[in-house]
């Protein structure tokens, strides 16, 4: 549980919006707490989006750097999580476009090689068996094949657990489009992962 | 578009139980009679469960330190540069302006109707000419010069203050776990 300095004493967990307000007023400790609260969720989001952990870390760092520089741009009309995920998502999309432009999108993305993916760090979950690791890799490979617009919504909805309404805010698309894209992304994935499902 | 395609479009909504009762009932009937759509539906359920349980990745141990370094660099880039040369130019200009001001206020350019100091002018021994009636006294002149000089210094002070106000205490950016 993350608490502010005052909150720790009072046993109250500060909301994101309280923390960003405090940070806007010059309390850098609130920034620390926001980083601690969001670095792993954002990293997972961007990692699933890009399929590469080092690049994902760079993107998340850039996201926090922008938060630090542009803290006053945040207005409390939106949830802080929506705002920070929007920044991270836009940076991730830009990174994907950059890769495409610079032809870094190698043919290996379409082949079955293990070099394409970084194996998630499993040190924190020793009980996981080899099958789960393989399943994760296969799933990530299928996600990598999706176009960015499908990737974004499926990661936010099914991996990160956001509501459709929240995704609307992050992706800046209408609710109907979000629902339609999530469904289509799921259908594409299940088509690609049929063999996995039949094996299990 | 076949009815199967229509059903597929609604499978996520069916799975999340957000359809109206009538549509839900139609989908249910179709799934009972269509093995292909039933398989697709089973795959979707399996897939969403797997996606919910993918292994999370954690930030590296260097994450906080790297971020801290980037923030410090960012702050350095934003800091206004007040070099000794800039400062000396500013002070030279201030002195020159002060001298000019002093010269004009003590010479014939002084308007006759200015009566700032009601007290009799103080004689200055070093001055070859006697003070004119209505001229500003040396003490007043000195204070005016100081005032002007302060005005000239003001931008530099504002910069310094702005610098202080935005200067982040880097020791406070602990970025937990360091």
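Residue numbers (our numbering), protein chains in the order written: chain G, 650 to 849; chain V, 6 to 183.
For each residue, glycine too, the CB sits at the ideal point set by N, CA and C.
Hey, residue 1 of chain V and residue 832 of chain G: beta-carbon distance below 9 Å or not? Residue 1 of chain V lies beyond the range of chain V shown here (6 to 183); nothing can be said about it.
For residue 724 of chain G, which of G:810, G:798, G:665, G:785 has the nearest alpha-carbon? Numbered from 1 along the first chain, position 75 holds the residue referred to as residue 724 of chain G. Cα-wise, what sits closest to residue 724 of chain G is G:665.
Starting from residue 725 of chain G, follow the alpha helix (DSSP H) in both directions and report where the run begins and ends. The residue labelled residue 725 of chain G in the question sits at position 76 within the first chain. Element bounds for residue 725 of chain G: n/a, residue is neither H nor E.
Since residue 209 of chain V contacts residue 742 of chain G with CB under 8 Å, what's their CB separation in whole angstroms? Residue coverage of chain V in this structure runs from 6 to 183, which leaves residue 209 of chain V outside it and unanswerable.
Throw me the rounded Cβ distance for the residue 696 of chain G and residue 62 of chain V pair, which I believe falls under 8 Å. Here residue 696 of chain G corresponds to residue number 47 of the first chain, with the count starting at 1. Here residue 62 of chain V corresponds to residue number 57 of the second chain, with the count starting at 1. Correct: roughly 5 Å between the Cβ atoms.
Mind checking residue 727 of chain G: buried by the 16 CB within 10 Å criterion, or exposed? Position 78 of the first chain, counting from 1, holds the residue named residue 727 of chain G. Residue 727 of chain G comes out exposed.
Report the residue from G:710, G:690, G:781, G:693 whose alpha carbon sits nearest the alpha carbon of residue 845 of chain G. Within the first chain, numbered from 1, the residue matching residue 845 of chain G stands at position 196. Nearest C-alpha to residue 845 of chain G: G:781.
If you draw a straight line from the alpha carbon of residue 96 of chain V to that of residue 105 of chain V, how long is it in whole angstroms? On the second chain, residue 96 of chain V is found 91 positions in, with the first residue counted as 1. On the second chain, residue 105 of chain V is found 100 positions in, with the first residue counted as 1. The alpha-carbon atoms of residue 96 of chain V and residue 105 of chain V are separated by roughly 14 Å.
Go through the stretch 794-824 of chain G residue by residue and report every complete run of the beta strand (DSSP E) that reaches 3 residues or more, in order. Under the rule that a run must span 3 or more residues, no beta strand (DSSP E) segment is found entirely inside the stretch 794-824 of chain G.
Which same chain residues, not among the five before or five after residue 821 of chain G, have their C-beta less than 7 Å away from its C-beta? Numbered from its first residue, the first chain carries residue 821 of chain G at position 172. Excluding positions up to five away in sequence, the list is empty.
Same chain only: Cβ atoms within 7 Å of residue 75 of chain V, ignoring 5 sequence neighbours per side: Taking the first residue of the second chain as 1, we reach residue 75 of chain V at position 70. Excluding sequence neighbours, residue 75 of chain V sits near nothing in its chain.
Residue span of the alpha helix (DSSP H) that contains residue 34 of chain V, given as start and end: Mapped onto the second chain, residue 34 of chain V falls at position 29. Its alpha helix (DSSP H) spans residues 26-38.
Kindly indicate if chain V contains any beta-carbon less than 9 Å away from that of residue 700 of chain G. To locate residue 700 of chain G, count along the first chain from 1; it is residue 51. Residue 700 of chain G does not count as touching chain V.
Is there a Cβ of chain G sitting closer than 9 Å to that of residue 68 of chain V, yes or no? For the purposes of this step, residue 68 of chain V is taken as residue 63 along the second chain, with counting starting at 1. Cβ-Cβ to chain G under 9 Å: yes for residue 68 of chain V.
Look at residue 801 of chain G and residue 738 of chain G and say whether their C-beta atoms are less than 9 Å apart. One-based indexing of the first chain puts residue 801 of chain G at position 152. One-based indexing of the first chain puts residue 738 of chain G at position 89. At a Cβ-Cβ threshold of 9 Å, residue 801 of chain G and residue 738 of chain G count as neighbours.
Less than 9 Å separating the beta-carbons of residue 79 of chain V and residue 680 of chain G? Within the second chain, the letter at position 74 stands for residue 79 of chain V. Within the first chain, the letter at position 31 stands for residue 680 of chain G. Contact annotation: residue 79 of chain V and residue 680 of chain G have beta-carbon atoms that are not nearer than 9 Å.
Determine, for residue 184 of chain V, whether the minimum Cβ-Cβ distance to residues of chain G falls below 9 Å. Because chain V is modelled from 6 through 183, residue 184 of chain V falls outside the range shown and cannot be assessed.
Spell out whether any CB of chain G is found under 9 Å from the CB atom of residue 22 of chain V. On the second chain, residue 22 of chain V is found 17 positions in, with the first residue counted as 1. Interface annotation, residue 22 of chain V: not in contact with chain G, CB-CB separation never under 9 Å.
Any 3 or more C-beta pairs closer than 8 Å across the stretch 706-715 of chain G and the stretch 680-693 of chain G: Touching, yes, given that three or more Cβ pairs across the two stretches are closer than 8 Å.
Hey, how far is the Cα of residue 779 of chain G from the Cα of residue 81 of chain V? Translated into the one-based positions of the first chain, residue 779 of chain G becomes position 130. Translated into the one-based positions of the second chain, residue 81 of chain V becomes position 76. In a straight line, the C-alpha of residue 779 of chain G is about 47 Å away from that of residue 81 of chain V.
Using 9 Å as the threshold, is the C-beta distance between residue 71 of chain V and residue 42 of chain V below it? The count along the second chain starts at 1 and reaches residue 71 of chain V at position 66. The count along the second chain starts at 1 and reaches residue 42 of chain V at position 37. Cβ distance not < 9 Å, so residue 71 of chain V and residue 42 of chain V don't count as in contact.
Three-state secondary structure assigned by DSSP to residue 836 of chain G: Position 187 of the first chain, counted from the first residue, corresponds to residue 836 of chain G. Helix.
For residue 29 of chain V, decide whether its Cβ has a neighbour in chain G, counting only Cβ atoms nearer than 9 Å. Here residue 29 of chain V corresponds to residue number 24 of the second chain, with the count starting at 1. Output row for residue 29 of chain V: interface = no.
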